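The listed protein sequences derive, respectively, from chains A and B. Using my numbering, read the first sequence as starting at 2 and increasing by one per residue. Using my numbering, read the second sequence as starting at 7 and increasing by one per residue. Note that CB positions come from ideal geometry on N, CA and C, so glycine has one too. Just so you know, these numbers come straight off a predicted model, no measurement behind them. For reference, the structure discussed in these notes is given below.
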Amino acid sequence: MKSECNLPDNSFEGRWIHCPRCHASLRDRVLGNHEYLCCGRCGEQVKSMRPGQTMIAAWAFAMAALVTFIPANLNPILIFSVAGNSQENLIITGVRALWMQGFQPLGALVFFSAILAPFFYLASVSYVSANWTLQLRLPFAGAALRLAEALESWNLLPVFAIACMVSVVKLRTLGTVSWEPGSLWVLATAVFTMLTIQCFDRKCAELYLEGVK
Amino acid sequence: MTDHLKVKLSRALTAAGIILYIPANFLPVMTITLTGQVESLTVMGGVFELYETGLVPVAAVVFLASVVVPVVKLVSLSWLLGLHGSEVNQSRRMKVHLFLIRIGTWAMVDIFLLSILVAVGQLGILASVQAEAGALFFAAMIICTLYAADIYKTHMIWQQPMPNST
């Protein structure tokens, strides 16, 4: 597996460029290896010459999260029982219960942010980083990158994992609760998701896709 | 969409968030029925109940996520948008805005918590959990603040004030 990619460096000394985050003007310069150019006003890394060292890691974490996402959705997270009656709970059970009680917007919100958005985020990140890691030119990678950007803040599985823990604590006061394997899968997916967000280098992906087009 | 329109939209969303905050906190979020006892809980009530059962760390997490985060977001969004176009505290405003975007989604803990509780509370008379209207207002408030923080971009803090803008 190649660990370096040749990004097109079309920069030249002294050209005016702008910071993508705060739009401050700054002077461009040709970077040596392992150098990076930071915005003097907001500290954003405008460009760097350590292209995508974490991209392979991002790919691995995104794929791992995708794999653990399947059992996280198919196994019950916890079982709650009162006086001999028990009730299993999957992620989707909550969505269905909210929907049945007449709170369709809430059900849709939970469905979107705990199931749909994480899945599509992870899928598009692994698709985009596969491009880079395998030095491929898969179709629609640009669209996948935009999808990943749009969904990044809607990927709420870590928040969901916290909510699971709180709910167990809360249910203890009402009846008997037991953890089920699904909760571990949810936790694993949440951890992998957070690692993916940390590792995924959006700028490098953008540059690479521009370069191969 | 022009930047001017974005600022207006962001202001409108923040105002909507402030208005929605009131019913979100005063209406009950859920009703728990346990062996005949009926109990309605607001957001604050849920935190209080956790605190009283002696689970201080968990209560603190929920308190931070569902009480502190929305208030901080609404207050600092109004501050950011109120000072839009002026040259006061620009770099501090930028830091606040980046922080807002990072903490933005944590208020969703309450909605997820509700979804899990509603899911397990389907044991009929023995134990049932029913979602209440407060949850809708709460979710709407979160979405308003999320989008308000998202539409207002960091670079707009540094814009020169336009002669005819407010």
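Note that the segment 143-150 of chain A touches the segment 116-129 of chain A; at least 3 beta-carbon pairs, one per stretch, sit closer than 8 Å. Close to residue 114/A, with beta-carbon spacing below 9 Å, are these residues of chain B in chain order: 111, 114, 117 and 118. For residue 40/B, the enclosing beta strand (DSSP E) has its first and last residue at 36-40. At the C-beta level, residue 181/A and residue 21/A stay beyond 7 Å of one another.
Listed by position along chain B, the residues whose Cβ is nearer than 9 Å to that of residue 73/A form an empty set, because the closest Cβ is around 14 Å away.
Under the DSSP definition of a beta bridge, residue 174/A lacks any partner.
By the Cβ rule, the segment 25-45 of chain A does not count as touching the segment 81-98 of chain A, because fewer than three pairs are nearer than 8 Å.
When Cβ pairs closer than 8 Å are counted between the two stretches, the segment 144-151 of chain B is seen to touch the segment 26-35 of chain B, the count reaching three or more. In chain A, no part has a C-beta under 7 Å from the C-beta of residue 7/B; the shortest such distance is about 16 Å. Using a CB distance cut-off of 7 Å, residue 194/A does not count as an interface residue toward chain B.
For residue 27/A, the CB contacts under 8 Å within the same chain, skipping 5 residues up- and downstream, are 17, 18, 19, 20, 38, 40, 41 and 47 in chain order. In the three-state reduction of the DSSP assignment, residue 37/A falls in the strand class.
Between residue 114/B and residue 152/A, the gap from beta carbon to beta carbon reaches 7 Å or more. When Cβ-Cβ separations below 7 Å define contact, residue 82/B makes no contact with chain A. By the 16-neighbour rule on beta-carbons within 10 angstroms, residue 167/A is buried. At a cut-off of 7 Å, the C-beta of residue 167/A has a neighbouring C-beta in chain B.
DSSP places residue 86/A within a strand segment (E or B) once states are collapsed to three.
Within the segment 123-153 of chain B, contact with chain A at the beta-carbon level (separation under 7 Å) is assigned to 123, 124, 125, 126, 128, 129, 132, 133, 136, 137, 141, 142 and 145. Shown here for residue 58/A: same chain residues with a beta carbon closer than 7 Å to its own, the five before and five after excluded, namely 200 in chain order.
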